[in-house]
Each structure stands twice: as structure tokens, then as C-alpha cells.
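Here's the structure we're looking at; comments come further down.
Residue numbers (mature numbering (1 follows the signal peptide of the UniProt record, and there is no 0)): -25 to -1, 1 to 474.
Following this line, the structure appears as C-alpha cells:
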């Protein structure tokens, strides 16, 4: 079969590792429209893992770096310059062209092919799985770009210049697609039962249904501030229908510590760039962990060498990559691991989403606190540490059950932010934009009045104190498609971002 893959060979890792029979012959052709790539030939069983690897390799690598820096988990090292443009908010229309292309010419094209192929054969397992992954991938693209090709996309030669749809219209269309997929007959003999080729949920139809429901819940919460009636109606229906949500990770996990088979963030940052020193501990996150004596500090960060000059944890103020401070080479580094999962929706994220939803539809109900506690404990367990004492009465992260709704929301989102360090960091950035949490500091982090964990405007930022709210439309797509919207700066909010 023909298959386009990311310009970086990080994307090859999953298909090579997880489905050795998949043949990937063609790399991305930048002279072809990423919104209307050619249709692949083959069967869902061989295309699906490659499509998932395309999504995971993009979200789990360069987009994870973007999210990690913009969420202030990490900052650019003062001893190198690889990610200065991200940390200073100096991105342009060409900065992430390849990632946009890969999501469309790779992942989304393949999901659409699988949807059509499986619908024709009534293989509802792959129909559901591809629909959910398509919706997940497009939801990320909407949250990054606001408007994206959707209703006219994936038509090949029939439409080489698709319109860009408004983000709210894309959300509505994706929710309708998910609902349609959930109504299929999953007991039919025509359904596949693929454990191996399903590199997300090991062939479990039940967990794919849960993934679908959890994704819908996330999308409804994402729009809660701009379309509250529609969002609450959707959330209430999920609970009225007594649907099930994820209790396991929807993630890519089967990595190996060898070239082209490891976690894509490790593959790109550590192996391809041949250094582990680019991404350093941001004072924003590290100071919060230190203030709370949180054991995840030594999971998220490590010393810059096996024989460090000091065993004291040293962070760097966000965006202060031009510093000449004497200890700049001793700043703690991001602990990126070759076997770390790429999360689409983790179990802990599912529980955090449910905690917020329950607090919104049943204010002050004990169920919201219980789900919050479950989320925090799961977030700790995700890093092989015990968080039970942190949510116990009087614990550092005890739920403010007697507090206001905003106090409860701040606790939920702050804990979610702290749980998403690594390949899941992009979601922490989206949630900051949606909710305003963690709050933004009125002073820089070198000020004695700074409160640990509050986000700061980076030292070398170029946007006049305004934080980024999106990415700029791809100039490569603009060269091919006259329907690309007018250029807007990255400080322009996306459709659901009204706080």
C-alpha cells in the first residue's frame, strides 16, 4: 500500500514496531495538497496502526514540545537554542508546516479511508475506531488553528481547494460522526476483532465506546464557556443515558528503547537531535512541585548529567534563555523516557473531565469530590507514585468541597496541568486557555512576590505581554489553497476561548 509519513522518521516507530507487515514506501510530498491527499490502497488492519502512529508521532513529539513549553512545564535551555522561537512566542506561518501536513496527508486521510472501507464491509469495529481517532485528531487541529478543512476535505481530485470550516461547525460534525458510529451493530459477524493491530485499546470494543464518550465529554467541556446551553445539554444526556467513560489509558505504549521504536518525543528530542539538554525545568512547574513536596518532581526532571555538579534541583525562569547566570548549565532537564506512553486520553484525564462535569451538573455532590480524588490518585499512579495522602483530609491537594465553583474548578484544572507533563502537555495548554488555570502571575518568577505555579510571561517574549492562543495558518497550505483564511496572529483566540 502507499502511505505518507512525517518528514521526521519519528513517525515510523510505531508501524515498524507494532505491525511489521505494514509497508511504508512514500514520504511526504510537499507538492501535494495535505487537505486532499491521494487515497491509500489496502485494508484497515494494515492502515489503522500507521494512522494512529501518524497522530501519536505528531502530538507526542513536536506538539508535545509546544504544549510543554507553553504550559510552562519546560523552558528552553540557556545553553542551546533549539526551541527559542516557541519559548519567545516567535512562531510564524511556516514554523509547524510539517505537522499540519502530517495530520492531514497522513493521519486524517487514512482514518477517512478506513471509515469508507469499513462501512462498505460493515466492519463496525474499525468504523468506530477510525471515527474516534479522526474526531480526536481534528479536535486537536481545531483547538490549535480554530478553522480547519473538514466538510470539503478528503475528496481527492474532486476538490483540491477545500474550504476551512469554523471550529464550532467542525465540533458539531465530529460529535454527529461519533454518535453515528456508536449506533452500529458491534455483534455482527462482519466485525473485526483485532488485538495486535489496535495499538490504542487492544481490540476492546467496550473501551472504544468509552473513548468515544469521553472524547464527547471533553468537547462539550471545551465549548462550555461559549455555548453553555448546548454543552450542558450534551453533558446531561451522557449522564442520563448512563454511558461509560474511560477507566484505562487510550494511548500508544508498546515502545522499545532502540532507534525508530521509542517514544516519539524521546526519538525526536533525544535521539534525532542527539541531546537531552534542550528542554529544562521551568520554574513555574518545578516551584509548584517543590512547594507541595510532590514526589513527581524526580519523575518529571533529572539532573543534567550522571555526575552533576550539584544535587540541588535548579529550575530556570520561563523564557530566560539568554541568562548568563553562573549555574545555567546545572539547571534540571526534562526527564524524557524512551518507553513513556503517548496519551490520547489518559485514565486520569477521563476522571478529571468527569469531576468537572459532575460539579457542573450536580453542584456540591459528593460524586464530584470522589471523581477528583480518583483522578489525582490515578495521575500519581501514572508515574508510579502514591498520591493517596495528597487528597486525604488536610492533604496538599484535598478537594475544596466547601469552596466556590471556581475554587473547585481551579483545583481540578491545576491538578490536570500537573498530571500532563510529557507527551500529553498540549492538553494542559488548551485547558489553561479555556479556564484561565493555573492563574497568570502579576510578577515575573524572579520576584519575591511570585506564587509558585502561577504562569508568567516569558523573559524573551515578543508579543507584548500577550500569551499565544493558537497557531498561525500554514503558509504551505496557503500556496496550494486560496481558501485558507486570512492571516491572524497567534495571540488571536480560537472560537471556544472566551476567558
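No residue lacks a Cβ here, since even glycine has one placed at the ideal position from N, Cα and C.
I'd like the span of the alpha helix (DSSP H) that includes residue i, first residue to last.
| i | result |
| --- | --- |
| residue 185 | 180 to 197 |
| residue 112 | 99 to 120 |
| residue 320 | From DSSP, residue 320 is part of no alpha helix (DSSP H) but of the beta strand (DSSP E) over 317 to 320. |
| residue 41 | 37 to 45 |
| residue 392 | 380 to 394 |
| residue 49 | Taken as a continuous stretch (DSSP letters only), residue 49 belongs to no alpha helix (DSSP H), being part of the beta strand (DSSP E) at 49 to 51. |
| residue 454 | 450 to 455 |
| residue 177 | Per DSSP, residue 177 belongs to no alpha helix (DSSP H) and is neither H nor E. |
| residue 355 | 341 to 356 |
| residue 73 | 72 to 76 |
| residue 217 | Premise fails: residue 217 is in no alpha helix (DSSP H) and is neither H nor E. |
| residue 59 | 59 to 62 |
Verify whether the separation of the beta carbon atoms of residue i and residue j is less than 7 angstroms.
| i | j | result |
| --- | --- | --- |
| residue 50 | residue 77 | no |
| residue 120 | residue 384 | no |
| residue 153 | residue 89 | no |
| residue 488 | residue 255 | Outside the displayed range of the chain (-25 to 474) lies residue 488, so it cannot be described from this structure. |
| residue 430 | residue 259 | yes |
| residue 282 | residue 310 | no |
| residue 352 | residue 363 | yes |
| residue 86 | residue 105 | yes |
| residue 36 | residue 82 | no |
| residue 396 | residue 275 | yes |
By the three-class DSSP mapping on this structure, what secondary structure does residue i have?
| i | result |
| --- | --- |
| residue 271 | coil |
| residue 165 | coil |
| residue 412 | coil |
| residue 139 | strand |
| residue 279 | coil |
| residue 461 | coil |
| residue 329 | helix |
| residue 87 | helix |
| residue 309 | strand |
| residue 290 | coil |
| residue 255 | strand |
| residue 3 | Note on residue 3: pLDDT 31, under 50, position unreliable in the model; the coordinate value appears next. Of the three classes helix, strand and coil, the one that applies to residue 3 here is coil, per DSSP. |
| residue 20 | helix |
| residue 124 | strand |
| residue 149 | helix |
| residue 207 | helix |
| residue 430 | strand |
| residue 447 | coil |
| residue 25 | helix |
| residue 546 | Because residue 546 is not part of the residues shown, which for the chain are -25 to 474, the question remains open. |
| residue 245 | helix |
| residue 304 | helix |
| residue 438 | coil |
| residue 405 | helix |
| residue 295 | coil |
| residue 154 | helix |
| residue 472 | coil |
| residue 235 | coil |
In the DSSP assignment, find the beta strand (DSSP E) that holds residue i and state where it starts and stops.
| i | result |
| --- | --- |
| residue 226 | 225 to 227 |
| residue 368 | Neither: residue 368 is in no beta strand (DSSP E) and is coded neither H nor E. |
Looking only at its own chain, which residues have a Cβ that is under 7 angstroms from the Cβ of residue i, when we skip the five neighbours before and after it?
| i | result |
| --- | --- |
| residue 448 | 68, 120, 459, 460 and 462 |
| residue 342 | 333 |
| residue 454 | none |
| residue 340 | 333 |
| residue 228 | 316 |
| residue 172 | -7, 20, 23 and 24 |
| residue 94 | 102 |
Excluding the five sequence neighbours on either side, which residues of its own chain have a C-beta within less than 6 angstroms of the C-beta of residue i, listed in chain order?
| i | result |
| --- | --- |
| residue 321 | 224 |
| residue 209 | 195 |
| residue 39 | 240, 398 and 400 |
| residue 424 | 418 |
| residue 43 | 49 and 400 |
| residue 272 | 264 |
Whose CA, out of the options, lies closest to the CA of residue i?
| i | options | result |
| --- | --- | --- |
| residue 472 | 210, 198 and 425 | 198 |
| residue 240 | 465, 468, 299 and 28 | 28 |
| residue 48 | 421, 438, 469 and 391 | 391 |
| residue 324 | 412, 193 and 372 | 193 |
| residue 212 | 436, 189, 222 and 230 | 189 |
| residue 284 | 295, 64 and 301 | 301 |
| residue 165 | 252, 102, 271 and 177 | 102 |
| residue 427 | 138, 257 and 242 | 257 |
| residue 221 | 186, 150 and 214 | 186 |
| residue 371 | 226, 266, 138 and 251 | 266 |
What residues in its chain sit with their C-beta under 8 angstroms from that of residue i, if we drop five residues either side in the sequence?
| i | result |
| --- | --- |
| residue 66 | 60, 443, 446, 447 and 465 |
| residue 375 | 382, 383 and 386 |
| residue 406 | 388, 391, 392 and 412 |
| residue 367 | 373 |
| residue 155 | 106 |
Between residue i and the ligand ADP, is the CB less than 6 angstroms from at least one heavy atom?
| i | result |
| --- | --- |
| residue 213 | Only the bare structure without any ligand can be found here, which leaves the ligand ADP out of the picture. |
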